[in-house]
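Student:
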Amino acid sequence: MARKISYKQAINEALDLEMRRDPTVIVLGEDIVGGAGAPGELDAWGGVLGVTKGLHAKHGNRLMDTPLSESAYIGAAIGAAACGMRPVAELMFLDFMGVCFDQILNQAAKFKYMFGGKAKTPVVIRAMVGAGFRAAAQHSQMLTPMFTHVPGLKVVCPSNAYDAKGLLIQSIRDDDPVIFCEHKALYGSEADVPEESYAIPFGEANVVREGKDVTIVSYGLTVHRALDAAEKLAKSGVQAEVIDLRTLSPIDWDTVIESVENTGRLVVVDEANPRCSIASDVASYVAQNAFGALKAAPQMVTAPHTPVPFSPVLEDLYIPSADAIAAAVNKTTARALAA
Amino acid sequence: MTPKVGLIANPISARDIRRVVASANSVQIADRANIVLRALAALKACGIEEAVMMPERAGIAGHVLRGMERARSHGEDRFPRLSFLPMPVTGTVEDTRRAARLMAASGDIAAIIVLGGDGTHRAVVGECGRVPVAGISTGTNNAFPEHREPTITGLAAGLAATGQVPARIAFADNKKIEVSLDGGAPEIALVDVAIVTDRFVGARALWRIETFRELYVTFADPEVIGMAAIAGLIEPVSRSEAGGLAVTLAPAGTAARRVRAPIAPGLIEEIGVEGWRRMPAGSVFTPALAAGAIALDGERELFFDPHQQVEIRLVDRAFRTVDVAAVMRFAARNGLLVSHPLAAADA
Amino acid sequence: MTNNPFPLSKDELLAAYRTMRTIRDFEERLHVEFAKGDIPGFVHLYAGEEACAAGIMMHLTDIDRIASTHRGHGHCIAKGVDVHEMMAEIYGKATGACRGKGGSMHIADLSKGMMGANGILGAGAPLICGAGLAAKFRGDGGVGITFFGDGASNQGTVLESMNLAAIWNLPVIFVVENNGYAESTSVEYATAVDSYVDRAAGFGLPGVTVDGTDFFAVHEAAGEVIRRAREGGGPALLECKTIRFFGHFEGDAQTYKAKGENDYNREHRDCLRIFANRVTSAGAVSEAEIALVDREVASLIDAAVESAKGAPLPSPRELLTDVYVAY
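Okay, here's the thing in structure tokens:
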């Protein structure tokens with residue numbers, strides 16, 4: 220039975236269902252219970268934004284608050300995964316990867332290959348990504364390309380509540396380390412989500428709007444900006460197809476190429492900084508593999524190559540807007556928007 | 007030239023297994039350095055102008071020098087000059103032995119302040135000859151060094167070293183026990199020699215009571231920790247009286263008499279006791295056990311086989327210590343630390 | 005009265021000696037073979053430190069996990085990883101423990117509880133907390149041991165992990181193999197207070213320092229900390245003061261060491277010699293029995309080198325396997 224729940228509730232529900240299904244699933248992170256050892260309520264926070272609220276009451280000590288020691292507890296989650304558990308570690312903000320990156324880059328990502336296929340590391344690292352929260356330069360980044368660059372990691376970034384639930388369930392069941400990126404600006408967004416458990420396979424992009432004139436590829440928050448742009452473009456007669464990648468590693472090249480072969484035009488929208496980004500990656504892949512289908516040069520709409528600014532007026536300029544996406548589409552169609 | 011005082015601070019005492027099998031504390035490096043600074047300040051207050059310290063590389067010296075530098079930069083003249091013995095640092099007990107040997111040989115060291123437990127003091131006493139020792143307890147088994155604020159030990163050492171308190175009052179004679187295998191050069195113990203059924207040295211400390219068989223002590227004080235506590239709780243023998251005590255132990259299950267003794271910090275165990283007798287100086291004792299290990303001051307150091315001859319002998323007046331209590335009593339009685347500035351101005 | 009004064013049976017004594025001898029011969033042989041140029045990459049030898057690995061690992065079974073270091077051959081051998089597979093791995097062969105994809109610094113065998121040698125200093129400490137956590141959830145009585153050197157003791161990961169292990173009361177032992185050198189830098193220079201027991205005390209962990217060249221000291225102390233951890237007593241630290249016969253890596257001229265230091269250590273502080281002298285002089289094991297182990301190990305190492313040299317190289321296709329997606 221589907222009903223409307225938020226992206227945040229969908230994540231909570233995925234954790235709850237998987238913890239019920241599999242006793243080796245444990246959840247650890249800073250403040251994920253919230254209030255451990257403090258004089259007030261034990262389950263006071265349930266995560267810094269309340270994503271894991273209520274799970275402690277259901278699953279007890281399988282949820283563990285950690286000290287502010289990202290290297291230690293992310294590493295412990297990875298070590299436990301190598302020893303047969305399926306830990307879900309919350310890094311709170313993906314920006315904090317700088318503190319513990321070795322454990323992700325050199326440990327989790329490498330075990331399977333480095334040990335000749337004899338190890339599996341089924342760990343999920345959940346973290347918030349993205350701007351729009353006025354959280355400034357160290358709590359707002361879209362660092363997905365940092366992880367897609369690393370062989371051995373899977374990278375997921377859902378754009379809606381339905382995908383969040385199904386992709387998180389898949390992440391927990393997956394035998395490889397998964398970086399699960401939750402866009403904090405989407406936590407309140409609602410969608411129809413079935414009550415039962417379901418997994419969305421990795422590497423399957425979602426065509427969220429069909430169109431014949433241009434392919435807009437994105438993930439996360441900017442999928443919604445792309446849809447807004449498509450809506451505007453439709454009024455001027457441009458039919459944009461919008462593809463939500465959902466998983467960035469593995470990535471669904473087939474859907475992207477097939478779409479570009481139909482539309483002949485590509486705009487990639489990425490909240491990450493432009494160089495070596497998901498946008499540049501998709502643009503170059505398409506140029507290499509569907510050059511003959513292209514009627515115009517692919518366009519990228521990304522954040523500028525700057526840190527995320529604090530002042531709301533600047534931050535709003537930082538995130539790719541529907542207008543910027545529409546403008547990029549217009550470059551590919553060489554047609555101005557209907558005046 | 008004023009006399010010098012030597013300082014030997016062992017950075018590696020209090021690191022053994024008794025932190026795991028018992029609840030022994032570990033006196034941290036920074037604490038040890040602060041103890042040295044307290045003792046140095048006390049020496050200076052008594053007129054000692056120069057101190058010589060054993061070098062080490064575990065951090066005590068660095069911390070001490072920083073403390074002295076800070077005082078100097080504040081314009082304070084609180085510490086004597088400090089130098090370090092020119093000797094290599096091995097990070098083992100050999101450093102302690104070598105430092106004590108060099109201090110004894112220098113001829114101008116009037117007393118040695120030692121920071122450590124029974125083991126460290128044993129190493130110093132084995133080499134320091136007649137130079138008196140002032141012990142500060144920073145070890146695990148601290149039956150030998152008395153528990154006292156190190157500033158007071160420093161004051162007493164300073165008053166004794168400078169001759170402000172006469173030697174006959176300031177310095178006390180102490181007993182030791184010698185143990186030799188097959189007539190070889192003896193090893194010594196300052197407090198106790200235990201014979202245990204283990205026949206290997208391993209992690210050294212003693213805590214498995216079922217292995218305890220014999221015990222020889224120089225003094226038996228009911229207030230101390232370690233093997234000597236067993237003797238102390240049966241028949242106290244003071245540090246100053248002649249002779250020691252020899253005790254025959256047995257597994258608690260089979261012994262007629264049992265004593266609950268604090269054999270390690272926080273570890274109070276029931277030990278079976280078969281019997282005991284006085285241990286006069288000079289008499290040779292031989293263990294009844296044919297083979298086992300010999301623990302000196304609580305640490306397995308030697309092991310012996312059935313074909314080896316073990317001789318255990320108590321020695322009176324073996325070495326000297328600073329009698330802190332006597333020195334401080336004398337100082338008080340004679341006003342050594344009292345001055346009368348107003349009376350002097352009047353005169 | 006038996007002739008064996010030690011807390012181990014004669015078979016166990018011989019097994020301990022065999023482990024140490026296997027490590028020593030493995031490393032001495034690698035030293036020779038590396039100089040011939042047949043072995044690719046970086047090789048960090050464990051020779052001189054054998055008593056640490058052997059003394060600790062004798063208390064473990066396959067359910068117990070270890071996280072090793074870049075100097076990991078000794079830990080692997082003592083934990084039961086196959087010597088032939090190890091040698092083949094170091095030669096980069098398809099028959100290696102990691103099918104030639106890991107090399108000297110990444111030998112692992114999870115079926116033996118060996119979670120990998122590790123090229124990142126201090127990285128094993130968080131991982132072993134995870135192993136301890138898993139053991140605790142499973143309630144299988146397993147313990148985790150992480151090894152690190154005096155150098156890696158200054159990594160934040162190690163200190164963070166001591167705190168984590170303490171607050172979660174994990175069955176984890178932190179073993180510092182203090183050989184005095186972090187690569188070429190002395191422990192006295194690089195470590196503000198070079199007492200690891202002090203560091204452990206800062207996290208409320210009991211710590212023990214033992215002579216790492218004395219197998220019996222390591223074995224006894226390790227037995228106590230491991231038993232304590234198994235019984236729910238929580239984490240502890242064990243510092244083994246040890247020595248490294250060779251350089252940081254093969255090819256290191258070791259000019260930072262004192263003149264004659266290696267010779268002195270081989271003469272006076274060789275843990276194998278100390279062990280052999282002690283058990284033979286006590287009559288627990290005969291010299292002939294020691295010599296037999298020496299011969300058997302020598303032929304094992306000969307065979308391992310020979311089979312590694314003759315083993316097939318990984319097929320080019322292996323480049324793209326063992327990773328979920330490869331391009």
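Residue numbers (the working numbering), protein chains in the order written: chain A, 220 to 558; chain B, 7 to 353; chain C, 5 to 331. Glycine is no exception: its CB is placed at the ideal position from the N, C-alpha and C atoms. Small disclaimer: the values here were computed from a predicted structure and weren't measured.
Does the stretch 193-204 of chain B come into contact with the stretch 216-233 of chain B, if we say contact requires no fewer than three beta-carbon pairs (one atom in each stretch) closer than 8 Å?
Tutor: Contact between the stretch 193-204 of chain B and the stretch 216-233 of chain B is present, because at least three Cβ pairs lie under 8 Å.
Student: What does the Cβ neighbour count give for Lys313 of chain C, buried or exposed, with the cut at 16 atoms within 10 Å?
Tutor: Looking at its Cβ environment, which holds fewer than 16 other Cβ atoms inside 10 Å, Lys313 of chain C is exposed.
Student: Using beta-carbon positions only, say whether Ala300 of chain A and Val246 of chain A come within less than 8 Å of one another.
Tutor: It is not a contact, given that the beta carbons lie outside the stated cut-off.
Student: Rank B:Thr144, B:Thr96, B:Thr168, B:Val99 by C-alpha distance to the C-alpha of Leu342 of chain B and give the top, closest one.
Tutor: The residue with the shortest Cα to Cα distance from Leu342 of chain B is B:Thr168.
Student: On the criterion of 16 or more Cβ atoms from any shown chain inside 10 Å, does Phe366 of chain A qualify as buried, or is it exposed?
Tutor: Buried, since its Cβ has 16 or more Cβ neighbours within 10 Å.
Student: Tell me which same chain residues have a C-beta within less than 7 Å of the C-beta of Arg554 of chain A, skipping the five on either side of it?
Tutor: For Arg554 of chain A, the predicted model reports a pLDDT of 46, less than 50, meaning its position is unreliable; a value from the coordinates is still stated below. Excluding residues within five positions, none has a Cβ falling inside 7 Å.
Student: In or out: Tyr381 of chain A buried (at least 16 other Cβ within 10 Å) or exposed?
Tutor: So Tyr381 of chain A counts as buried.
Student: Let me know the alpha helix (DSSP H) ranges lying completely inside the stretch 21-83 of chain B, each 4 residues or longer, listed in chain order.
Tutor: Whole alpha helix (DSSP H) segments, 4+ residues: 24-27, 35-51, 66-79.
Student: Which value, in whole angstroms, describes the spacing of the CA atoms of Leu91 of chain B and Leu121 of chain B?
Tutor: Approximately 16 Å between the Cα atoms of the pair.
Student: Using C-beta distances below 6 Å, list every residue in its chain close to Glu317 of chain B, excluding the 5 sequence neighbours before and after it, in chain order.
Tutor: Result list for Glu317 of chain B: Ser186, Val290, in chain order.
Student: Check the Cβ of Phe220 of chain C against every Cβ in chain B and list those closer than 9 Å, keeping chain order.
Tutor: Here the neighbours are Phe206, Val207, Gly208, Ala209.
Student: Going by DSSP, which residues form a beta bridge with Asp124 of chain B?
Tutor: Answer by DSSP bridge pairing: none, since Asp124 of chain B is not bridged.
Student: To which residues does DSSP link Ile462 of chain A through a beta bridge?
Tutor: DSSP, once it has assigned bridges, lists A:Val426, A:Val436 as partnering Ile462 of chain A.
Student: Please compile the residues from chain A whose C-beta is within a distance smaller than 7 Å of the C-beta of Asp326 of chain C.
Tutor: Those within 7 Å of Asp326 of chain C in chain A are Lys331, Tyr332, Gly335, Gly336.
Student: Go ahead and label Thr98 of chain B buried or exposed: buried means 16 or more other beta carbons lie within 10 angstroms of its beta carbon, across all protein chains shown.
Tutor: Looking at its Cβ environment, which holds fewer than 16 other Cβ atoms inside 10 Å, Thr98 of chain B is exposed.
Student: Below 8 Å on the Cβ atoms is my contact criterion, and I expect Leu274 of chain A with Leu287 of chain A to pass it. Report the Cβ-Cβ distance as a whole number of Å.
Tutor: About 21 Å; that fails the 8 Å criterion.
Student: Using only alpha-carbon positions, find the residue among A:Met333, A:Glu490, A:Asn325, A:Gly294 that is nearest to Ile344 of chain A.
Tutor: Residue A:Gly294 is the option with its Cα nearest to Ile344 of chain A.
Student: Considering just the uninterrupted stretch of the beta strand (DSSP E) at Arg219 of chain B, what are its terminal residues?
Tutor: Per DSSP, Arg219 of chain B belongs to the beta strand (DSSP E) from 218-223.
Student: Given a threshold of 16 other Cβ atoms within 10 Å of its Cβ, counted over all protein chains shown, does Lys331 of chain A qualify as buried or as exposed?
Tutor: The residue in question, Lys331 of chain A, is buried, as its Cβ has 16 or more Cβ neighbours within 10 Å.
Student: Got a sec: which bits of the stretch 52-74 of chain B sit with their beta carbon under 7 Å from any beta carbon on chain C, in order along the chain?
Tutor: Here the close residues are Arg63, Ala64, Gly65.
Student: DSSP three-state label for Pro364 of chain A, please.
Tutor: Helix.
Student: List, in order along the chain, the chain C residues whose C-beta lies closer than 7 Å to that of Pro17 of chain B?
Tutor: Ser199, listed in chain order.
Student: Determine, for Ile119 of chain B, whether the minimum Cβ-Cβ distance to residues of chain F falls below 8 Å.
Tutor: Of the chains in the structure shown, none is chain F; the protein chains are A, B and C.
Student: Could you compute how far the alpha carbon of Thr99 of chain C sits from the alpha carbon of Ala186 of chain C?
Tutor: Straight-line Cα distance between these residues: approximately 32 Å.
Student: With 16 as the cutoff for other CB atoms within 10 Å, does Met220 of chain A come out buried or exposed?
Tutor: It is exposed - the Cβ of Met220 of chain A has fewer than 16 other Cβ atoms within 10 Å.
Student: How about the stretch 503-512 of chain A and the stretch 522-531 of chain A: do they share at least three Cβ pairs that are nearer than 8 Å?
Tutor: The stretch 503-512 of chain A vs the stretch 522-531 of chain A: no contact.
Student: Name the two residues that bound the continuous alpha helix (DSSP H) containing Trp282 of chain B.
Tutor: Here Trp282 of chain B belongs to no alpha helix (DSSP H); instead the beta strand (DSSP E) covers 273-285.
Student: State buried or exposed for Gln326 of chain A, treating a residue as buried only when at least 16 other CB atoms are found within 10 Å of its CB.
Tutor: By the 10 Å Cβ count, Gln326 of chain A comes out buried.
Student: Could you run through the stretch 222-242 of chain B and flag, in chain order, every residue whose CB is less than 9 Å away from some CB of chain C?
Tutor: Under the 9 Å Cβ criterion, the stretch 222-242 of chain B contributes no residue.
Student: Since Lys223 of chain A and Gly407 of chain A are thought to touch, with beta carbons under 8 Å apart, how far apart are those beta carbons, to the nearest angstrom?
Tutor: Contact flag wrong, Cβ pair sits at about 12 Å.
Student: Indicate whether Ala195 of chain B and Leu302 of chain B have their beta-carbon atoms separated by less than 8 Å.
Tutor: A contact, by the Cβ cut-off of 8 Å.
Student: Grouping DSSP H, G and I as helix and E and B as strand, with all else coil, what is Pro320 of chain C?
Tutor: Helix.
Student: Return the residue from the list C:Ala307, C:Met24, C:Gly237 that minimises the CA-CA distance to Lys140 of chain C.
Tutor: That would be C:Gly237, whose Cα lies nearest to the Cα of Lys140 of chain C.
Student: Is Val479 of chain A a contact residue of the ligand NAP, with contact defined as CB to any heavy atom under 7 Å?
Tutor: This structure simply doesn't include the ligand NAP, nor any ligand for that matter.
Student: Helix, strand or coil, according to DSSP, for Arg441 of chain B in the structure here?
Tutor: A query on residue 441 of chain B cannot be resolved here, the shown segment of chain B reaching from 7 to 353 and no further.
Student: State the CB to CB distance for the pair Trp282 of chain B and Leu251 of chain B, rounded to an integer number of angstroms; the pair is presumed to be in contact (CB under 8 Å).
Tutor: The Cβ separation is near 6 Å, so the contact holds.
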